[in-house]
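See structure below.
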Amino acid sequence: MGFAGSSTILDKYFRENEKVNGTERSAVYAEDEEVYERFREKNVFLTKDYEELLDQCEAVYIVSPPAKHYAMIRRAIEKKKHVLCESPITVCREQTAELTELAARNGVVLMEAIKTAYATAYDRLLLLVKSGKIGRVVSVDATCTSIRSYRSEPTENWNSICAWGPTAMLPIFQILGTGFDEKRIRTLLTDAHHNDAFTRIDFTYPGAVASMKVGQGVKSEGDLVISGTEGYIYVPAPWWKTDYFEVRYENAENNQRYFYQLEGEGISFTILSFLRAIESGQSRSYIAEEITAAISGVIEDFYAEKDTIVLK
Numbered sequence: 002m003g004f005a006g007s008s009t010i011l012d013k014y015f016r017e018n019e020k021v022n023g024t025e026r027s028a029v030y031a032e033d034e035e036v037y038e039r040f041r042e043k044n045v046f047l048t049k050d051y052e053e054l055l056d057q058c059e060a061v062y063i064v065s066p067p068a069k070h071y072a073m074i075r076r077a078i079e080k081k082k083h084v085l086c087e088s089p090i091t092v093c094r095e096q097t098a099e100l101t102e103l104a105a106r107n108g109v110v111l112m113e114a115i116k117t118a119y120a121t122a123y124d125r126l127l128l129l130v131k132s133g134k135i136g137r138v139v140s141v142d143a144t145c146t147s148i149r150s151y152r153s154e155p156t157e158n159w160n161s162i163c164a165w166g167p168t169a170m171l172p173i174f175q176i177l178g179t180g181f182d183e184k185r186i187r188t189l190l191t192d193a194h195h196n197d198a199f200t201r202i203d204f205t206y207p208g209a210v211a212s213m214k215v216g217q218g219v220k221s222e223g224d225l226v227i228s229g230t231e232g233y234i235y236v237p238a239p240w241w242k243t244d245y246f247e248v249r250y251e252n253a254e255n256n257q258r259y260f261y262q263l264e265g266e267g268i269s270f271t272i273l274s275f276l277r278a279i280e281s282g283q284s285r286s287y288i289a290e291e292i293t294a295a296i297s298g299v300i301e302d303f304y305a306e307k308d309t310i311v312l313k
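Start counting the sequence shown at 2; every next residue gets the next number (our numbering).
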């Protein structure tokens with residue numbers, strides 16, 4: 002397995018990969034000097050040439066800036082390499098669909114890496130929701146924020162909608178589906194390159210609503226609330242590292258608490274699912290293809306400022 006990118010998340014995947022039987026860390030593609038220096042002392046083939054990386058591996062994990070995903074994924078698939086890529090797969094719905102089809106034609110796995118989807122507690126939460134534990138779901142509210150300035154960074158780096166958006170959209174689309182009637186995007190941009198300090202998106206469904214708030218220049222409580230006709234589920238901050246949640250009812254005596262151990266932020270489970278998909282030749286992703294496409298589509302609309310109000 003090879004690793005390509007510039008984010009510090011690359012270090013986490015490199016480290017957690019060692020815990021997964023059946024994979025060997027073969028090479029790292031360093032997009033910048035900082036990454037190169039971080040991996041210089043590690044016992045791994047290190048290169049600044051992406052083609053050279055692909056020649057050293059059978060599968061690749063990609064966490065490059067989202068604008069680079071399409072070209073890097075396409076080249077890997079063309080060389081018959083399996084791909085695990087941080088979400089969004091691309092910032093264009095058509096490109097994501099094209100890569101999904103290309104991977105199928107070439108007999109390789111293309112899988113989206115949103116580690117929250119592979120956390121045991123989060124998976125159990127979805128099962129409880131779908132079993133009717135809180136009745137019919139009428140609202141999903143997800144918040145993911147952190148403080149980080151993008152004013153002086155290059156346009157290709159991770160903005161708020163790309164860094165946090167896929168995670169925030171995940172429970173909305175997995176619970177309510179991707180067939181929303183309309184959406185409204187409100188964003189606070191820090192420059193002319195769509196670096197957003199804060200973005201809120203409201204979705205309207207037949208009989209339900211959803212809201213997500215993401216930001217790297219605004220801080221808010223990073224919790225998840227799923228409201229139903231018989232009760233609600235509350236996941237405290239940081240909900241995307243789910244190891245505990247509560248099912249709450251009108252009568253507090255009926256409330257239930259659920260605890261599950263979270264190992265490696267869900268990264269090792271993500272890699273394991275990727276490996277099983279390769280070995281079986283069947284998708285083992287916890288994220289459906291239509292959700293992957295919908296995430297790309299919403300982010301594409303953000304860049305096009307479709308259904309968008311830019312806050313002044």
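We treat Cβ as the ideally placed atom computed from N, Cα and C, and that holds for glycine.
CB contact flag (S269, E17, <7 Å) = Stepping through the sequence shown from its first residue, residue 269 is reached at position 268. Stepping through the sequence shown from its first residue, residue 17 is reached at position 16. Yes, the Cβ-Cβ distance between S269 and E17 is below 7 Å.
Give the range of the beta strand (DSSP E) segment to which Q257 is assigned.
-> For the purposes of this step, residue 257 is identified with residue 256 of the sequence shown, where counting begins at 1. Run containing Q257: Q257 to F260, per the beta strand (DSSP E) assignment.
Within this structure, are the beta carbons of L55 and K80 separated by less than 7 Å?
-> Within the sequence shown, residue 55 is the residue found at index 54, counting from 1. Within the sequence shown, residue 80 is the residue found at index 79, counting from 1. Yes, the pair counts as a contact, with Cβ atoms nearer than the cut-off.
What does DSSP give as the partner residues of M73 in its beta bridges?
-> Taking the first residue of the sequence shown as 1, we reach residue 73 at position 72. M73 pairs with nothing; no bridge assigned.
Residues sharing a beta bridge with Y235, DSSP = Taking the sequence shown and counting its residues from 1, one reaches residue 235 at position 234. The partner list for Y235 (beta bridge, DSSP) reads V226 and E247.
Starting from G136, follow the beta strand (DSSP E) in both directions and report where the run begins and ends.
-> Residue numbering aside, residue 136 sits at position 135 when the sequence shown is read from its first letter. Careful: G136 lies outside any beta strand (DSSP E) and carries neither H nor E.
Per-residue DSSP class, three states only, for L27 | Working through the sequence shown from its first residue, we reach residue 27 at position 26. According to the sequence provided, residue 27 is Ser. The question's Leu does not apply to it. Three-state result, S27: coil.
Assign N160 to one of two classes, buried (16 or more other C-beta atoms within 10 Å of its C-beta) or exposed (fewer than that).
-> Residue numbering aside, residue 160 sits at position 159 when the sequence shown is read from its first letter. When all chains shown are included, N160 counts as buried.
Would you give the residue range spanned by the alpha helix (DSSP H) that D203 belongs to?
-> To locate residue 203, count along the sequence shown from 1; it is residue 202. Counting along the chain, D203 falls outside any alpha helix (DSSP H), though it belongs to the beta strand (DSSP E) covering D197 to Y206.
Between the segment 111-131 and the segment 184-198, do three or more beta carbon pairs fall short of 8 Å?
-> no
Presumed contact (8 Å Cβ cut-off) between A114 and C145, rounded CB distance | Here residue 114 refers to the residue found at position 113 of the sequence shown. Here residue 145 refers to the residue found at position 144 of the sequence shown. Wrong, their Cβ atoms sit about 16 Å apart, outside the cutoff.
Going by C-alpha distance, which of A105, V92, E95 and Q175 is nearest V84?
-> Here residue 84 is taken as the residue at index 83 of the sequence shown, counted from 1. Per the Cα distances, A105.
Report back the beta-carbon spacing between G23 and L276 to the nearest angstrom; my notes put them in contact at under 8 Å.
-> Translated into the one-based positions of the sequence shown, residue 23 becomes position 22. Translated into the one-based positions of the sequence shown, residue 276 becomes position 275. Contact flag correct, Cβ pair sits at about 5 Å.
Whose C-alpha, out of G178, E34, S65 and V21, is nearest the C-alpha of F4?
-> Here residue 4 refers to the residue found at position 3 when the sequence shown is read from its first residue. Nearest option by C-alpha distance: S65.
Does DSSP put R185 in a helix, in a strand, or in coil?
-> Residue numbering aside, residue 185 sits at position 184 when the sequence shown is read from its first letter. It is a strand residue.
Since S212 sits in a beta bridge, which residues does DSSP pair it with?
-> Here residue 212 corresponds to residue number 211 of the sequence shown, with the count starting at 1. Answer is D142 and D203.
Beta-carbon proximity list for G298, same chain, < 7 Å, skipping 5 on both sides = By 1-based counting over the sequence shown, the position of residue 298 is 297. Cβ neighbours of G298 beyond the five flanking positions: R94.
Quick one, are the C-beta atoms of T90 and T293 less than 7 Å apart?
-> Counting from 1 along the sequence shown, the entry for residue 90 is found at position 89. Counting from 1 along the sequence shown, the entry for residue 293 is found at position 292. Checking the sequence shown, residue 90 turns out to be Ile, not Thr. For I90 and T293, yes; Cβs fall inside 7 Å.
Host beta strand (DSSP E) of A60 (start-end) | Counting from one through the sequence shown, the residue named residue 60 turns up at place 59. Here the beta strand (DSSP E) through A60 covers A60 to V64.
Would you call the CB atoms of E266 and K20 closer than 7 Å?
-> Translated into the one-based positions of the sequence shown, residue 266 becomes position 265. Translated into the one-based positions of the sequence shown, residue 20 becomes position 19. Against a cut-off of 7 Å, the Cβ pair of K20 and E266 comes out as no contact.
Can you name the residues that DSSP bridges to A164?
-> Position 163 of the sequence shown, counted from the first residue, corresponds to residue 164. Paired residue(s): none; A164 is not in a bridge.
Could you tell me whether the Cβ atoms of G136 and T230 are closer together than 7 Å?
-> Your numbering for residue 136 matches position 135 in the sequence shown. Your numbering for residue 230 matches position 229 in the sequence shown. Cβ distance < 7 Å, so G136 and T230 count as in contact.
So what's A114 in DSSP terms, helix, strand or just coil?
-> Mapped onto the sequence shown, residue 114 falls at position 113. Looking at A114 - three-state DSSP - the assignment turns out to be strand.
For I300, which of Y261, Y250, A278 and I186 has the nearest alpha-carbon?
-> Residue numbering aside, residue 300 sits at position 299 when the sequence shown is read from its first letter. Closest option to I300, Cα to Cα, is I186.
Taking all protein chains shown into account, decide if L177 is buried (16 or more other Cβ within 10 angstroms of its Cβ) or exposed.
-> Taking the sequence shown and counting its residues from 1, one reaches residue 177 at position 176. L177 should be labelled buried.
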